[in-house]
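Residue numbers (UniProt numbering): 1 to 317.
Glycine included, every Cβ here is placed at the ideal spot set by N, Cα and C.
So this is what it looks like as structure tokens:
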């Protein structure tokens, strides 16, 4: 008898990744493709990229051998009336006999860090949002309103604050230093004028400011005072978002590139959580696609203890 197969897919706004596992927890294949947000961009391209990542993960395996599929996407919360339609379309494109479960990317991020059904997930990448998760479903929400209205503590927010610091310094209203000089060099090295920086940044989509988040983190690690101030404020914003949705005794999962990589923001936020929420286990969602694969496998791995074992094996592989 063949082991049952499950596929998890993390369909992101920058790239997509699929993981094929069996019920024992063995990873049999992975596949990647382009951006796949069915709400924020071209839906046809998004669904095609999901299908491509799925096919690449399977390699030569017949998709009809897959027993369960879970797809996490950033647009799922906005697809309340269309989830069934998207699910059916993906089933057709994937060529599976099983149904395709479509959930929020926050759900698979939480599942990547915890096997519990309830808890809190805080995400900080290009954007930032916190959710209370109840029965593996988003419940209470804090922020995640996009670059214009929120995303405090996100990569975009860090980049914007860094450029603002550079503008103030050029006009004689703020300190300089490593971060400020790095920002000026990256944007307009030959024109140290605030107008030139503003014009260059305004010519790009606003979220492009998130590319400067790495400069902020590097400068903060190097002791730059301006960068350290920005990082401290980012941590404060993220902690505040969590405070609105958290259950103090349930797991907290940190997700997104700024919180799963070794950044000063991740270190400081984790330290704060351990002090403020000592009864809550703190973990990181290093691979949301693995969280989606575990959720998919949970359709046929029904024993609670076996689910925990499977999660532990996948999370620590």
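Between residue 158 and residue 216 the beta-carbon gap is near 5 Å, inside 8 Å, which marks them as a contact. Nearest in C-alpha terms to residue 17, of all of 4, 43, 58, is 58. Beta-carbon to beta-carbon, residue 234 and residue 227 are separated by about 10 Å, too far to satisfy the 8 Å threshold. Shown here for residue 123: same chain residues with a beta carbon closer than 7 Å to its own, the five before and five after excluded, namely 106, 109, 129, 255, 256 in chain order.
Under the three-pair Cβ rule at 8 Å, the segment 87-95 does not count as touching the segment 279-289. As computed with DSSP, residue 5 is found in a beta bridge with 22, 66. Counting C-beta atoms within 10 angstroms of its own C-beta, residue 160 has 16 or more neighbours from the protein chains shown and is therefore classed as buried. Assigned with DSSP and collapsed to three states, residue 250 falls in coil, not helix or strand.
Between residue 282 and residue 170, the alpha-carbon positions lie close to 41 Å from each other. The Cβ-Cβ distance between residue 102 and residue 86 falls below 9 Å. Pairwise C-beta distances place the segment 303-314 in contact with the segment 21-28, as three or more of them are shorter than 8 Å. The beta carbon of residue 222 lies closer than 8 Å to those of 178 in the same chain, with the five residues before and after it left out. Here the alpha carbons of residue 65 and residue 48 stand approximately 21 Å from one another. Shown here, residue 263 sits in coil according to DSSP, grouped into three states, outside any helix or strand. Just measuring C-alpha positions, the residue of 197, 167, 180 sitting nearest residue 187 is 197. The secondary-structure analysis by DSSP pairs residue 10 across a beta bridge with 17, 72. Under the Cβ criterion (8 Å, minimum of three pairs), the segment 266-282 counts as touching the segment 237-253. 153 is the residue among 153, 133, 307 whose C-alpha sits nearest the C-alpha of residue 229. Shown here, residue 152 sits in coil according to DSSP, grouped into three states, outside any helix or strand.
Out of 237, 276, 300, 271, the CA that lies nearest to the CA of residue 142 is found in 237.
Take residue 252, set aside five residues on each side of it, and the residues of its chain with a beta-carbon closer than 8 Å to its own are 119, 120, 121, 122, 242, 246, 273, 277, 280, 281, 282, 283, in chain order. Counting along the chain, the unbroken alpha helix (DSSP H) around residue 195 starts and ends at 194-202. Looking at the DSSP output, residue 87 shares a beta bridge with no other residue.
Counting every other CB atom within 10 Å of its CB across the protein chains shown gives residue 302 a total below 16, marking it as exposed. Runs of the alpha helix (DSSP H) lying entirely within the segment 86-137 and spanning at least 4 residues, in chain order: 105-113. Bridge pairing for residue 143: 129 [DSSP].
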